[in-house]
Amino acid sequence: MLDRVKFFRRRQFILGPEFIDYEGWQRLRLFDNFMLTLHPDLQVTSIEHGENKAILLGYAIDPYQPELDDAGIIRRFVTGRVTVNKVTDRLENLSGRFVLIINCPQGSWLFHDACGLRQVNHFKDRHGNIWCASQSETLAEYFGLPYDEAMLDFRNAPEYRLTTEDFALINDRSPFKKIKYLLANHYLDLRSGKVTRFWPTPDCIGALPANKSIELIKPILQDSIKGAANRFNLKMGISAGCDSRKSLAAAKDVTDKIYFFTLPPQADSEIDLEIPSRLLPKLGIEHHKIDIEQMSQEFEELYRCSATWARARHGHIAYTALNYFGTGATVLNSNISEYSQVSYWLPQSHINGEGLAILKGLNHPLAIKDYQIWLDGSYPSCMEANLNVLVLFQLELRSRWVANTFAECDIAYESFNPYNNRRLYCIELSVNERLRRPLHRYDFPKKLIKNMWPEVLQEPINPEKNLSAKIKNFILHNIIFKTISPWLPLVEFIKYLRLKKDFKKQAIRDVIDS
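Quick note, the sequence shown lines up with residues 10 to 523 if you use my numbering.
Shown next as structure tokens:
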């Protein structure tokens with residue numbers, strides 16, 4: 010029998026003018042009319058200094074001072090006169106997964122970690138009170154709010170069956186009309202309910218040669234992982250991919266504190282098991298293969314109410330992890346690592362809502378509208394910061410998808426991602442785009458890996474299975490992409506035309522179906 014108090018909406022919180030009556034949950038009166046109801050397994054740290062107060066939900070790691078605990082980290086936020094700019098400046102160095110609430114004479118604000126991996130949904134009730142919660146369904150239940158019909162139509166649209174990614178909400182939408190999602194790089198004013206973008210800032214993206222950036226990136230990754238390994242019962246998934254290989258290299262000094270595992274690969278991805286099973290023993294590390302177990306009926310009931318529109322595969326993964334790791338594990342996930350790549354390209358004239366929808370293969374009016382809204386709020390900041398808006402699109406879109414995955418797994422384990430650090434991505438994005446494009450086939454990541462732990466490259470990254478694919482990739486990546494694409498984006502333009510053609514086909518198909 011599962012402990013229903015422990016596993017009901019595990020690691021979640023509700024913030025508002027009154028407490029919520031959930032059995033076994035903590036109740037904390039914060040300030041003014043803000044009461045915090047939180048699950049007993051969600052860490053909370055509170056520091057006061059004069060009239061200033063900071064409350065941290067979750068955990069933070071400072072890679073520049075990895076020995077600091079949460080209290081030591083948030084103490085710096087309440088000293089002196091507190092302003093939004095001072096808070097955001099001090100947030101820049103932090104890794105972790107957290108919500109930070111600040112109250113001071115100048116205002117009351119809510120921030121979260123760099124990629125928003127500790128989710129926040131917010132809502133203003135009929136009395137003008139601000140409410141926040143880890144998941145939108147909690148607020149919808151409490152206030153009897155209906156689903157947003159437009160979102161239901163979007164979720165069930167045939168376009169989503171044509172994409173390669175799982176369903177994910179876009180921009181600041183939730184499944185419920187009056188509830189909004191707080192996107193990464195934004196903060197919520199708890200007195201007015203206004204949401205404001207605070208990053209990117211002017212000139213936050215500089216210009217760095219690859220070697221210099223690697224010198225700066227290396228300690229951030231290494232000490233973020235070191236801080237997590239010293240605090241938590243850390244587990245790390247590993248595959249044949251580049252992201253987990255970077256994390257493995259950065260974990261060199263603490264591999265004895267980490268349990269390395271691989272889940273069964275999906276069809277045609279057997280290499281994700283073969284590579285780590287060969288590589289880790291060469292490094293003197295034990296490799297564990299974990300077999301997926303199907304959720305029990307009791308677990309699935311609790312899982313479904315813990316994450317809005319939770320996906321079955323992630324439920325099976327969470328259930329498996331719970332059975333293998335117990336209730337006290339933290340899993341290192343590397344999914345955000347791709348943000349520094351320039352994965353998307355559009356003609357300058359088509360950087361608009363429809364263009365973003367073409368990139369995502371979503372010929373749906375809601376997608377086009379919401380992508381345009383996101384673009385209108387992001388483009389001016391990107392221009393001032395010298396940041397490619399399509400890179401920010403990849404970062405914030407991917408962040409929301411990963412945050413959703415972490416929320417689904419909270420029922421079983423805490424999650425940690427060493428790439429969830431704003432200083433880190435400012436440094437990586439300062440490297441010339443031509444060196445960061447995935448077309449260059451891991452050139453830049455491999456340089457970083459070699460600098461941290463070259464032996465982890467004894468096995469190839471995502472190797473091709475057959476000779477013809479190897480020859481094709483060699484020609485593309487070593488001849489075309491390195492000699493033509495840097496000066497003439499011919500390959501990117503052809504890919505865009507193909508995506509645009511598929512996009513138009515969707516519209517024709519929808520007309521026929523209707």
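Where is the CB? At the ideal position from N, CA and C, for every residue including glycine.
Worksheet item: Roughly how far, in whole angstroms, is the beta-carbon of D71 from the beta-carbon of N102, given that I think they are within contact range, below 8 Å?
Response: Here the question's residue 71 lines up with position 62 in the sequence shown. Here the question's residue 102 lines up with position 93 in the sequence shown. That pair is a contact at about 6 Å.
Discussion item. Using 7 Å as the threshold, is the C-beta distance between V87 and I56 below it?
Written reply: Against the sequence shown, residue 87 aligns to sequence position 78. Against the sequence shown, residue 56 aligns to sequence position 47. The answer is yes: Cβ separation under 7 Å.
Worksheet item: Based on the DSSP secondary-structure assignment, which residues constitute the bridge partners of W118?
Response: The count along the sequence shown starts at 1 and reaches residue 118 at position 109. Its beta-bridge partners are I111, D198.
Practice prompt. Given a cut-off of 7 Å, decide if S253 and S349 are closer than it, judged by their beta-carbon atoms.
Written response: Taking the sequence shown and counting its residues from 1, the one referred to as residue 349 is at position 340. Taking the sequence shown and counting its residues from 1, the one referred to as residue 253 is at position 244. No, they are not a contact pair.
Discussion item. So within the segment 247-284, which uninterrupted beta strand (DSSP E) runs reach at least 3 residues, ignoring any that extend past its ends?
Written reply: Taking only runs of at least 3 residues, the beta strand (DSSP E) segments lying wholly in the segment 247-284 are 267-271.
Practice prompt. Entirely within the segment 379-446 and at least 4 residues each: give me those alpha helix (DSSP H) ranges in chain order.
Written response: 398-418, 431-437, 442-445
Practice prompt. On a CA-only basis, which of L192, H296, I83, E32 is nearest A123? Give me that one, please.
Written response: By one-based count along the sequence shown, residue 123 stands at place 114. Residue L192 is the option with its Cα nearest to A123.
Worksheet item: Who are the near neighbours of T172 in its chain, counting only those whose CB is closer than 8 Å to its CB and skipping five residues on each side?
Response: Against the sequence shown, residue 172 aligns to sequence position 163. With a pLDDT of 49 at T172, under the threshold of 50, the predicted position of this residue should be treated as unreliable, though the coordinate-derived value follows. So the list reads K369, G370, L371, once near-sequence residues are dropped.
Worksheet item: Hey, out of I229, K504, K235, L257, whose CA is closest to R432's CA?
Response: Residue 432 sits at position 423 when you count from the first residue of the sequence shown. Checking every option, the nearest Cα to that of R432 belongs to I229.
Worksheet item: Which of the three DSSP states, helix, strand or coil, is assigned to M10?
Response: Counted from its first residue, the sequence shown places residue 10 at position 1. Coil at M10, not helix or strand.
Worksheet entry | Backbone secondary structure at H323 - three-state DSSP | Locating residue 323 in the sequence shown gives position 314, counting from the first residue. Residue state, collapsed to three classes: helix.
Worksheet entry | 7 Å CB neighbourhood of Q381 in its chain, flanking five on each side removed | For the purposes of this step, residue 381 is taken as residue 372 along the sequence shown, with counting starting at 1. Closer than 7 Å at the Cβ level, and outside the excluded window around Q381, lie N361, G362.
Worksheet item: Helix, strand or coil: which one does DSSP assign to H136?
Response: If you number the sequence shown from 1, residue 136 lands on position 127. Residue state, collapsed to three classes: coil.
Discussion item. Would L24 and L37 qualify as a contact pair, given that the criterion is a beta-carbon distance under 7 Å?
Written reply: Counted from its first residue, the sequence shown places residue 24 at position 15. Counted from its first residue, the sequence shown places residue 37 at position 28. Against a cut-off of 7 Å, the Cβ pair of L37 and L24 comes out as no contact.
Discussion item. Any contact between the segment 409-424 and the segment 75-91? By contact I mean 3 or more CB pairs, one from each, below 8 Å.
Written reply: no
Worksheet item: Leaving out the 5 sequence neighbours to the left and right, which residues in its chain are closer than 6 Å to G364 when beta-carbon positions are compared?
Response: Here residue 364 corresponds to residue number 355 of the sequence shown, with the count starting at 1. L355.
Practice prompt. With DSSP collapsed to three states, give me the class of G335.
Written response: Reading the sequence shown from its first residue, position 326 is the one you call residue 335. Here G335 sits in coil by DSSP.
Fill in: Closest residue to A237 among F17, Y268, D30, K221 (Cα-Cα distance)
Taking the first residue of the sequence shown as 1, we reach residue 237 at position 228. For the set F17, Y268, D30, K221, the Cα lying nearest the Cα of A237 is the one of Y268.
Discussion item. I'd like the list of long-range same chain contacts for R182, defined as Cβ closer than 8 Å, with 5 residues on each side in sequence excluded.
Written reply: One-based indexing of the sequence shown puts residue 182 at position 173. D157, M160, K189, Y190, D379.
Fill in: Per-residue burial, P114 [other beta carbons within 10 Å of its own, 16 or more giving buried]
One-based indexing of the sequence shown puts residue 114 at position 105. The residue in question, P114, is exposed, as its Cβ has fewer than 16 Cβ neighbours within 10 Å.
Item to complete: Using alpha carbons as the reference points, say which of C251, M392, G324 lies closest to L466.
Response: Locating residue 466 in the sequence shown gives position 457, counting from the first residue. Among C251, M392, G324, the Cα nearest to that of L466 is on C251.
Worksheet item: Under the three-state reduction of DSSP, which class applies to H297: helix, strand or coil?
Response: Numbered from its first residue, the sequence shown carries residue 297 at position 288. It is a strand residue.
Worksheet item: Mind checking whether K261 and G202 have CB atoms under 7 Å apart?
Response: Position 252 of the sequence shown, counting from 1, holds the residue named residue 261. Position 193 of the sequence shown, counting from 1, holds the residue named residue 202. Result no, Cβ atoms of K261 and G202 do not sit closer than 7 Å.
Worksheet item: How many Å lie between N395 and W34 at the Cα?
Response: Residue mapping note: residue 395 aligns to position 386 of the sequence shown, counting from 1. Residue mapping note: residue 34 aligns to position 25 of the sequence shown, counting from 1. So the two alpha carbons sit approximately 45 Å from each other.
Worksheet item: P427 and I234: beta carbons closer than 7 Å?
Response: Within the sequence shown, residue 427 is the residue found at index 418, counting from 1. Within the sequence shown, residue 234 is the residue found at index 225, counting from 1. Result yes, Cβ atoms of P427 and I234 sit closer than 7 Å.
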